[in-house]
Amino acid sequence: MQSEFPQTNNNGVHVAPVVRFAPSPNGYLHLGHAYSALRNYEFARRHGGRFLLRIEDIDMGRARPEFEQAIYEDLAWLGIEWETPVLRQSEYFGAYAIALEKLNALGLLYSCTCTRNEILEEVKLREEWPRDPDGAPIYPGTCRDASASSLLRQITSDKPVAQRLNMTQAIGALQGPVGWIEYGEQEDGRSVSAQPSIWGDVVVGRKDVPGSYHIAVVVDDAEQGVTDVIRGMDLFEATSLHRLLQELLNLPAPVYHHHRLITDEHERKLSKSAGSPALRDLRAQGVTVADIRAQLELS
Numbered sequence: 071m072q073s074e075f076p077q078t079n080n081n082g083v084h085v086a087p088v089v090r091f092a093p094s095p096n097g098y099l100h101l102g103h104a105y106s107a108l109r110n111y112e113f114a115r116r117h118g119g120r121f122l123l124r125i126e127d128i129d130m131g132r133a134r135p136e137f138e139q140a141i142y143e144d145l146a147w148l149g150i151e152w153e154t155p156v157l158r159q160s161e162y163f164g165a166y167a168i169a170l171e172k173l174n175a176l177g178l179l180y181s182c183t184c185t186r187n188e189i190l191e192e193v194k195l196r197e198e199w200p201r202d203p204d205g206a207p208i209y210p211g212t213c214r215d216a217s218a219s220s221l222l223r224q225i226t227s228d229k230p231v232a233q234r235l236n237m238t239q240a241i242g243a244l245q246g247p248v249g250w251i252e253y254g255e256q257e258d259g260r261s262v263s264a265q266p267s268i269w270g271d272v273v274v275g276r277k278d279v280p281g282s283y284h285i286a287v288v289v290d291d292a293e294q295g296v297t298d299v300i301r302g303m304d305l306f307e308a309t310s311l312h313r314l315l316q317e318l319l320n321l322p323a324p325v326y327h328h329h330r331l332i333t334d335e336h337e338r339k340l341s342k343s344a345g346s347p348a349l350r351d352l353r354a355q356g357v358t359v360a361d362i363r364a365q366l367e368l369s
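Those letters in the sequence shown? Residues 71 to 369, by my numbering.
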């Protein structure tokens with residue numbers, strides 16, 4: 071049985087929890103999404119808290135209106151209700167730009183014109199090059215180490231420019247160790263030490279929009295007053311980076327719970343890219359919400 075999160079502020083006063091389910095409208099929801107959405111919704115109901123829906127459409131090249139509409143339909147079918155208006159990241163680019171300005175004022179950002187292919191070409195010549203938790207090669211620091219005149223020529227050559235976080239300087243700017251409180255299935259809460267260095271110099275400002283997933287999620291959680299983040303174990307390592315950004319931007323730290331992932335018969339995580347069965351297709355086949363809950367082992 072899931073341990074209960076503490077619902078008190080720093081002064082020991084009881085506060086109602088605020089949780090959020092934040093899907094991306096770049097495909098149809100599957101059972102893994104249903105599990106996370108239901109876990110958040112039922113936690114909020116159990117504690118008299120608030121359940122928020124957030125549409126993470128920062129990747130505007132992949133976001134589609136039909137996928138967003140399907141999210142609303144699938145959640146309603148599951149019996150989930152949410153507050154309106156729904157926060158859509160594409161409407162908050164200004165807030166992410168302000169966050170980047172704050173990081174830049176701290177001297178923690180640098181411009182980067184490298185493409186993914188250029189990064190792969192550079193690191194493939196180096197033996198046993200480290201990779202981040204998502205499997206991408208750690209950025210080799212090409213633009214960080216470029217001379218000012220060389221980088222200026224690249225930036226003024228009409229090449230798209232991203233903003234990267236200088237991880238070494240960012241960690242050095244902290245006032246002390248950073249971590250978070252993690253609640254698990256059988257845990258009353260444990261302290262986890264953040265290890266943001268495993269991500270290297272991550273992109274915090276994309277080439278196409280003023281922000282990245284990592285910037286957007288910490289800014290959005292603070293803006294919406296999220297107290298408890300309940301999400302899949304695949305984002306556990308990202309929490310180290312999120313806690314770093316929260317400290318640098320002076321944003322509040324939620325309590326975290328990273329739940330188990332729903333897998334297929336081959337023990338592979340369900341995903342849109344892998345073509346996992348969509349909730350809308352299961353519904354069309356006559357699968358009921360009770361069937362879904364039973365399969366997900368939700369009472």
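Note that the Cβ used here is the ideal one computed from N, Cα and C, for glycine as well.
task: Just mark His-376 as buried or exposed, buried being the case when its beta carbon has 16 or more other beta carbons within 10 Å.
output: Nothing can be reported for residue 376: it is not among the residues displayed for the chain, which extend from 71 to 369.
Using the beta-carbon count (16 or more within 10 Å), is Pro-200 buried or exposed?
-> A residue is called buried once 16 or more other Cβ atoms fall within 10 Å of its Cβ, and Pro-200, having fewer, is exposed.
### Task
Starting from Asp-298, trace the beta strand (DSSP E) both ways and give me its first and last residue.
Its beta strand (DSSP E) spans residues 298-302.
- prompt: To the nearest angstrom, how far is it from the Cα of Asn-236 to the Cα of Ala-146?
  reply: Looking at the two C-alpha atoms, the distance is approximately 43 angstroms.
Quiz item: Does the separation of the CB atoms of Lys-339 and Asp-304 fall below 9 angstroms?
Solution: Taking the C-beta atoms as reference points, Asp-304 is found nearer than 9 angstroms to Lys-339.
Exercise. Can you name, in chain order, every residue of its own chain whose Cβ lies under 7 angstroms from the Cβ of Ala-323, other than the five neighbours on each side?
Worked result: Take Ala-323, set aside five residues on each side of it, and the residues of its chain with a beta-carbon closer than 7 angstroms to its own are Trp-250, Arg-313, Gln-316, in chain order.
Reference Leu-321; option with closest CA among Pro-95, Ala-140, Trp-152, Lys-172
Looking at Pro-95, Ala-140, Trp-152, Lys-172, the one whose alpha-carbon comes closest to that of Leu-321 is Lys-172.
For the region 269-284 and the region 191-208, state whether three or more C-beta atom pairs, one from each stretch, are separated by less than 8 angstroms.
Three or more Cβ pairs closer than 8 angstroms define a contact, and the region 269-284 meets that threshold against the region 191-208.
Checklist entry - Using the C-alpha atoms, what's the distance from Arg-301 back to His-336? => result In a straight line, the C-alpha of His-336 is about 22 angstroms away from that of Arg-301.
Exercise for review: Specify, as a first and last residue, the run of the beta strand (DSSP E) that Val-279 falls within.
Suggested key: In this chain, Val-279 is not harboured by any beta strand (DSSP E), its DSSP state being neither H nor E.
ask   = CA-CA distance, Glu-367 and Ile-168?
value = Counting only the Cα atoms, Ile-168 lies some 42 angstroms from Glu-367.
task = Report yes if the C-beta distance between Pro-93 and Ile-125 is below 9 angstroms; otherwise report no.
result = Against a cut-off of 9 angstroms, the Cβ pair of Ile-125 and Pro-93 comes out as a contact.
Practice task
For the alpha helix (DSSP H) containing Trp-147, list its first residue and its last residue.
Solution key: DSSP places Trp-147 in the uninterrupted alpha helix (DSSP H) bounded by 135-147.
Worksheet item: What residue range is occupied by the uninterrupted beta strand (DSSP E) comprising Ala-232?
Response: Residues 232-235.
Which whole-angstrom value describes the C-beta separation of Ser-106 and His-328, a residue pair presumed to lie in contact below a C-beta threshold of 8 angstroms? Rounded, the Cβ-Cβ distance is 10 angstroms, inconsistent with contact.
- Would the region 109-122 and the region 276-289 be scored as touching if the rule is three or more Cβ pairs under 8 angstroms? Counting Cβ pairs under 8 angstroms, fewer than three are found: no touch.
Simplified DSSP state of Gly-164, which is helix, strand or coil:
Reduced to three states, the DSSP call for Gly-164 is helix.
Give a yes or no on whether the C-beta atoms belonging to Leu-318 and Leu-178 are separated by under 9 angstroms. In contact: Leu-318 and Leu-178 (Cβ atoms closer than 9 angstroms).
* **Pro-207, DSSP secondary structure in three states** => Three-state DSSP puts Pro-207 in a strand.
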